[in-house]
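These notes concern the structure reproduced below.
Protein chains: 4
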Amino acid sequence: MSPKTSIQNEQIRAESKLKIMEAAFKLIAKNGYDSTSVAMIAKEAGVSKGLLYNYFASKEALVEALVMSAMSEADSVIGKLMDANPKVMLKNVFQWFFIEMREHHDHWRIITELTFKIDKFDFVHNIVTQKLNEYVGLLQGLLTQMDYPNPLGEARIIAALFDGMGIQSLMVREDYPLNEMEEYLIKKYCE
Amino acid sequence: MSPKTSIQNEQIRAESKLKIMEAAFKLIAKNGYDSTSVAMIAKEAGVSKGLLYNYFASKEALVEALVMSAMSEADSVIGKLMDANPKVMLKNVFQWFFIEMREHHDHWRIITELTFKIDKFDFVHNIVTQKLNEYVGLLQGLLTQMDYPNPLGEARIIAALFDGMGIQSLMVREDYPLNEMEEYLIKKYCE
Amino acid sequence: MSPKTSIQNEQIRAESKLKIMEAAFKLIAKNGYDSTSVAMIAKEAGVSKGLLYNYFASKEALVEALVMSAMSEADSVIGKLMDANPKVMLKNVFQWFFIEMREHHDHWRIITELTFKIDKFDFVHNIVTQKLNEYVGLLQGLLTQMDYPNPLGEARIIAALFDGMGIQSLMVREDYPLNEMEEYLIKKYCE
Amino acid sequence: MSPKTSIQNEQIRAESKLKIMEAAFKLIAKNGYDSTSVAMIAKEAGVSKGLLYNYFASKEALVEALVMSAMSEADSVIGKLMDANPKVMLKNVFQWFFIEMREHHDHWRIITELTFKIDKFDFVHNIVTQKLNEYVGLLQGLLTQMDYPNPLGEARIIAALFDGMGIQSLMVREDYPLNEMEEYLIKKYCE
DNA sequence: TATGAATGAGTATTCATTCAT
DNA sequence: AATGAATGAATACTCATTCAT
Chain A
184 MSPKTSIQNE QIRAESKLKI MEAAFKLIAK NGYDSTSVAM IAKEAGVSKG LLYNYFASKE
244 ALVEALVMSA MSEADSVIGK LMDANPKVML KNVFQWFFIE MREHHDHWRI ITELTFKIDK
304 FDFVHNIVTQ KLNEYVGLLQ GLLTQMDYPN PLGEARIIAA LFDGMGIQSL MVREDYPLNE
364 MEEYLIKKYC E
Chain B
184 MSPKTSIQNE QIRAESKLKI MEAAFKLIAK NGYDSTSVAM IAKEAGVSKG LLYNYFASKE
244 ALVEALVMSA MSEADSVIGK LMDANPKVML KNVFQWFFIE MREHHDHWRI ITELTFKIDK
304 FDFVHNIVTQ KLNEYVGLLQ GLLTQMDYPN PLGEARIIAA LFDGMGIQSL MVREDYPLNE
364 MEEYLIKKYC E
Chain C
184 MSPKTSIQNE QIRAESKLKI MEAAFKLIAK NGYDSTSVAM IAKEAGVSKG LLYNYFASKE
244 ALVEALVMSA MSEADSVIGK LMDANPKVML KNVFQWFFIE MREHHDHWRI ITELTFKIDK
304 FDFVHNIVTQ KLNEYVGLLQ GLLTQMDYPN PLGEARIIAA LFDGMGIQSL MVREDYPLNE
364 MEEYLIKKYC E
Chain D
184 MSPKTSIQNE QIRAESKLKI MEAAFKLIAK NGYDSTSVAM IAKEAGVSKG LLYNYFASKE
244 ALVEALVMSA MSEADSVIGK LMDANPKVML KNVFQWFFIE MREHHDHWRI ITELTFKIDK
304 FDFVHNIVTQ KLNEYVGLLQ GLLTQMDYPN PLGEARIIAA LFDGMGIQSL MVREDYPLNE
364 MEEYLIKKYC E
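Residue numbers (our numbering), protein chains in the order written: chain A, 184 to 374; chain B, 184 to 374; chain C, 184 to 374; chain D, 184 to 374.
What follows is the structure in structure tokens.
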């Protein structure tokens, strides 16, 4: 008789939002942004198109929420890679990257695709620039401790390498020698 | 009013095709595949939509022709980088890459964008895989001559580096330190 | 936790209904019928959409109630214009009209807008016809007392004049010379 | 074998455009702007929705074209009402108005409805203001020749009267005494 | 009485493609 | 070879209305 409590509603809302975001993530990662219609997302999530617009003002807003969520998830990982020994930590970073590549390729794929739609998603530019600087800074710190002659240049190389391997493994799929790359990089930089 | 000879016709066809492909390249490079309509391409090329469909079975077929042509154009460049001295040739390769990045970003941008539409353009997968192997093979040859301990691994790194720098400079635009990267890479690998 | 008495309930119902109608009036007067959504009305009234549908069977029914209420409100005004002297009373009518125009344009705007949706709101036709006859009858009575040669024709003119000034001041907004019109009409008919 | 001549195309375009505008006019006059969908217009015109957008950039643009066309049609009429004798000319104006009301009510209905959507169609405001001034000026000229004491005030009254009769006859339809009004007005002003 | 999550039919608009000429 | 009028399926988005609680 009485309306749902606000706690119940909060739960329902959170669940629906999550369902929609998961469906969107899955489909966009698989088919790309343009080839994924709002109708497909709603269907995959098992909700109506109308409901989707109850939670996200537009397809773009949904994608923005997606990216933000993925980003903050990524952040929380960095902490776990810390180690007093820079060589060990660098190894952790490499290993984390290769695990990501193997297991959460989607994640990276979406971000990168949106880069090509920079007119529509200009917030991506800012986020990515900032993230890139963070990563380069982190690597530079490690390489400095390891007495590299040009830690900044080398850090930039490693950062570019990560993206390069990402895109190449997207292009050639299972033909990309992730294992060999991992082994070689760790030997080269961490021993 | 006599009918055109088949030779004349052949010329006309070739010219129209070229105009269309150039227009398509220009617009897609600038605005992306999905944001470039067939109508826009026809207008830019100065022909009718109908004519476009006389030469290309579909928008996809046009894009495929585009990629193929761009690829074979790239091939012809390689010859000019040849040099008996592997260090000099590697330097040529690096310099060529940075010139490309600065002056013909478009070219690379199109190929990479299509990678994200792999369901539609699966021929890209084959082409890119083959090209990648060629480049890696070329680099591997040079590095072997230069007595690198693991020429294949290092060749793969350089190849990934190229794509990585490409995508990062696309992402962060003018903030990307192309000059510093060029200087550092040449110092690192060619001196 | 004892159940509310039916009297209390009646009060609550009346208050909620009033809040909703006021909100609807305000928004529709400002933005028009089609541009005012049920969601907006509920929000403005501070109630849920569900409650709104407890009191009104549909958006159309709500609007119908609105118009009915506005009409009966207008009725109660007429009494205040009464005067034994027909010239004075006619002047009162004119002055009342111009005050309405300046201060409650909304009211008249809603009615008139709905006229254009006569398929949806055919009850408007009946109401307006009846009201028009009432007003014309009132004016005719006054003009008869003032020995006009054709009191009915002149009453119809005045009635049309009122609507005409209403719509023209809606069309040209602040450019409409309400003051001059008022002055001229009173001089013409009441002196 | 050869493409259609530009003259043929011009004809085809003109015909299609006309069909669409006529269909739009008919439906909007009958059902109003908001209740007339682009799909309905296309269907009524016997063309596809796509074609409609070949000729008009948007539903709003179509309506704007409609209004403009109706306006310029109205202009051409004025010339025919001219007469050296002001009383005769004023009579012509009255008679023209009543013919319009009886035969082209639609025309006026559309313009007036759009006035209520002034946020979307602000060009209507300018047009209507200008037209109103023209008409008032014309009437004022005639009334001056006829030695009316306040020609401007009386001209404004007549202009308002026209709109007022228009809206009232829209409201009460066949119950509106157009004939009596015509007779009375002509007697009042032209004899 | 009261809530607001959920629905789905509806809207304007776009665009690759066809085809009569 | 060449045109561009015409199509129709698809797209993102809106909103009055329902219903479980």
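For every residue, glycine included, the Cβ atom is placed at its ideal position computed from N, Cα and C.
Cβ proximity to chain C below 9 Å picks out N333, L335, G336, E337, R339, I340, A342, A343, L344, F345, D346, G347, M348, G349 and I350 from the stretch 324–350 of chain D.
Restricting attention to A:I310, A:G215 and A:D217, the CA atom closest to the CA of S252 of chain A is found in A:I310. Straight across, the Cα-Cα distance linking K314 of chain D with H287 of chain B is about 57 Å. For G336 of chain C, the uninterrupted alpha helix (DSSP H) run begins and ends at P334 to V355, by DSSP. Straight across, the Cα-Cα distance linking A212 of chain C with E243 of chain C is about 15 Å.
Comparing C-alpha distances from I293 of chain B to each of B:V276, B:V260 and B:I350 shows the shortest one belongs to B:I350. Look at the beta carbons and you see the stretch 212–232 of chain C not touching the stretch 353–360 of chain B: under three pairs across the two are nearer than 8 Å.
Using a Cβ distance threshold of 8 Å, V221 of chain C and K232 of chain C count as a contacting pair.
For a Cβ distance threshold of 8 Å, residue set D217 of chain D lies close to D217 of chain C, ordered along the chain. At least one beta carbon of chain B lies nearer than 8 Å to the beta carbon of Y367 of chain A.
Sequence-distant Cβ neighbours of Y238 of chain C in its own chain, meaning closer than 6 Å and more than five residues away, are K200. Within the same chain, Q323 come within 6 Å of L335 of chain A by CB-CB distance, once the 5 residues on both sides are set aside.
Taking a contact as a CB-CB distance under 8 Å, the pair N275 of chain B and D266 of chain B counts as one, their CB atoms being some 6 Å apart. Taking the Cα positions, A338 of chain B is about 40 Å away from M204 of chain A.
Nearest CB-CB separation between F299 of chain D and chain C: below the 8 Å threshold. Those residues of the stretch 281–295 of chain C placed with their C-beta closer than 7 Å to a C-beta in chain D are T295, ordered along the chain. Between the beta-carbon of A207 of chain A and that of L273 of chain A there is about 35 Å, and that puts the pair past the 8 Å contact cut. Interface annotation, R196 of chain A: not in contact with chain B, CB-CB separation never under 8 Å.
Spanning the alpha carbons of K300 of chain C and A257 of chain C requires a straight line of approximately 22 Å. In the three-state reduction of the DSSP assignment, G215 of chain B falls in the coil class.
In the three-state scheme derived from DSSP, where H, G and I count as helix and E and B as strand, K209 of chain A is classed as helix. Membership of G324 of chain D in the alpha helix (DSSP H) is indicated by the continuous run D305 to Q328. By the CB criterion at 8 Å, N333 of chain B and Y372 of chain A fall outside the cutoff. With respect to the C-alpha of M364 of chain A, the residue from A:F281, A:Q194 and A:A225 having the closest C-alpha is A:F281. Here V319 of chain C is near A342 of chain C, since their CB atoms are less than 8 Å apart. With a threshold of 8 Å between beta carbons, N362 of chain D makes no contact with chain C.
When DSSP states are grouped into helix, strand and coil, A248 of chain A belongs to the helix group. L234 of chain B and E283 of chain D have their C-alpha atoms spaced approximately 50 Å apart.
Excluding the 5 residues flanking it on each side, F304 of chain B has same chain C-beta neighbours closer than 6 Å at L297, in chain order. Against chain C, the CB of N275 of chain D has no partner CB under 8 Å away; the residue lies outside that interface. Your pair G347 of chain A and G347 of chain B checks out as a contact, with CB atoms roughly 3 Å apart and the cut at 8 Å. Annotation for T188 of chain D: no alpha helix (DSSP H) segment contains it, and DSSP assigns it neither H nor E.
Listed in chain order, the non-local C-beta contacts of A197 of chain B below 8 Å within the same chain number zero, local neighbours out to five positions each way being set aside.
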